[in-house]
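Residue numbering for the sequence shown follows the numbering used here, beginning at 46 and increasing consecutively. Working notes, beginning with the structure itself.
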Amino acid sequence: YQLLDLPWEDVLVTNVLCYLPLRQLVSLQRVSKNFCSLVQVYLANCRTFDPAQTGPRIPKEAFCSMLRVDSLALRSLADHCGDLRSLDLTACRQLRDEAVSYAVAKWPSLRSLSVAVNANITDLAVEEVAKRCRELEQLDLTGCLRVRNEAIRLSLHRWVYLEHLSVLARYIYHG
Numbered sequence: 046y047q048l049l050d051l052p053w054e055d056v057l058v059t060n061v062l063c064y065l066p067l068r069q070l071v072s073l074q075r076v077s078k079n080f081c082s083l084v085q086v087y088l089a090n091c092r093t094f095d096p097a098q099t100g101p102r103i104p105k106e107a108f109c110s111m112l113r114v115d116s117l118a119l120r121s122l123a124d125h126c127g128d129l130r131s132l133d134l135t136a137c138r139q140l141r142d143e144a145v146s147y148a149v150a151k152w153p154s155l156r157s158l159s160v161a162v163n164a165n166i167t168d169l170a171v172e173e174v175a176k177r178c179r180e181l182e183q184l185d186l187t188g189c190l191r192v193r194n195e196a197i198r199l200s201l202h203r204w205v206y207l208e209h210l211s212v213l214a215r216y217i218y219h220g
């Protein structure tokens with residue numbers, strides 16, 4: 046096959062997107078739903094993660110809310126980006142407990158985590174964060190409607206360094 050004979054999705058994902066900085070990939074997602082899907086496929090299949098593409102603070106910090114990160118992309122990021130210290134998953138509504146649990150298992154040095162505005166996050170993810178991320182200093186659970194107060198209360202004793210816990214605008218879940 047020649048490059049022009051392949052479907053354009055195959056060409057972009059395997060031969061073009063790998064050369065774009067992460068900031069440009071974020072911008073590309075806003076072009077259309079098709080581009081958003083292509084970028085998600087690319088991120089989910091990443092085998093390497095180049096910190097230089099995202100700025101000097103990566104891999105210590107990742108702001109994924111801009112990326113519309115789903116569970117598969119978060120798992121890929123966890124596998125390829127070690128020593129993460131801060132993660133913002135605000136409004137990543139496609140994430141599930143299992144992906145958050147998988148990611149925090151890879152990042153025990155996590156100091157700041159936001160899973161705000163995600164109705165899919167439950168007590169299970171909070172308990173896993175408490176078990177894995179003992180050095181956590183900031184946690185944002187704002188809008189996590191399925192996290193019960195009891196789960197937060199039971200987890201608090203594990204976070205001896207916790208300075209900021211946000212649960213404002215969270216409705217109490219009685220499930």
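Each residue gets a CB set at the ideal place from its N, CA and C atoms; glycine is no exception.
- Between Ala136 and Val174 the beta-carbon gap is near 18 Å, outside 8 Å, which marks them as no contact.
- Listed as beta-bridge partners of Arg191 by DSSP are Thr167.
- DSSP assignment within the stretch 120-182 yields the following whole beta strand (DSSP E) runs of 3 residues or more, N-terminal first: 131-133, 157-159.
- Leu210: member of the beta strand (DSSP E) spanning 209-211, first to last residue.
- The DSSP-derived three-state label of Leu184 is strand.
- Counting other Cβ atoms within 10 Å of its Cβ, Ser159 reaches 16 or more and is therefore classed as buried.
- Here Val192 really is in contact with Val171; their C-beta atoms are around 5 Å apart, less than 8 Å.
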